[in-house]
Each structure stands twice: as structure tokens, then as C-alpha cells.
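Participant: This is the structure I want to talk about, given as C-alpha cells.
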Amino acid sequence: MKVFPRGVGGARRDPEQVKREGWREQNILVVSPEDQRLTWPERELVKQLGEKLYGGRRAKEARHG
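1452 is the number of the first residue of the sequence shown in my numbering; add one for each residue after it.
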């Protein structure tokens, strides 16, 4: 008996691979303003673009637990 329907439940792809394919195939860019591969001015640009397009960011919620 199969646990998942056909085509579901296979190996998960690396998130970086999904981002790379999204950029190359659909021109979708997924980037975090905290990505340490970016320089400070690049991170600021990403932050400003995100705020311009989608509004301000939510403050991180404190976890109790």
C-alpha cells in the first residue's frame, strides 16, 4: 500500500536549487535582505525594494517556550 499518491512525496529539492530554477526559468528572484553573500549596499537595496513593493516588514515575534 502506498502512503502518498503517485507523484507526491518524493525527495525534496534543495531550496537554493528551487530559487535558482525559479530565476532561470521564470525570472522570479527570491532573496533575503539578511543573505550574507550580499554586500551591505545590496542588502539595503533588497530591503528598499521589498518595502516599496510590499510594504514594511513585520517585527519578529518573540517565542515563548
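In this text, a Cβ means the ideal position worked out from N, Cα and C, and glycines have one as well.
(1) Grouping DSSP H, G and I as helix and E and B as strand, with all else coil, what is Arg-1508?
(2) Between the beta-carbon of Leu-1489 and the beta-carbon of Val-1481, is there less than 8 Å?
(3) Please determine, among Phe-1455, Glu-1502, Glu-1476 and Val-1459, the residue with the shortest C-alpha to C-alpha distance to Ser-1483.
(4) Using beta-carbon positions only, say whether Gly-1527 and Val-1469 come within less than 8 Å of one another.
(5) Ignore the nearest five residues each way along the sequence and tell me which others in Trp-1474's own chain have a CB closer than 6 Å to its CB.
Facilitator: Taking the geometry as given:
(1) For the purposes of this step, residue 1508 is taken as residue 57 along the sequence shown, with counting starting at 1. Arg-1508 falls in the coil class under three-state DSSP.
(2) Looking up residue 1489 in the sequence shown gives position 38. Looking up residue 1481 in the sequence shown gives position 30. No, they are not a contact pair.
(3) What you label residue 1483 is simply residue 32 of the sequence shown in a count that begins at 1. Nearest C-alpha to Ser-1483: Glu-1502.
(4) Not covered by the structure: residue 1527. The range shown for the chain is 1452 to 1516.
(5) If you number the sequence shown from 1, residue 1474 lands on position 23. Contacts found: Leu-1480.
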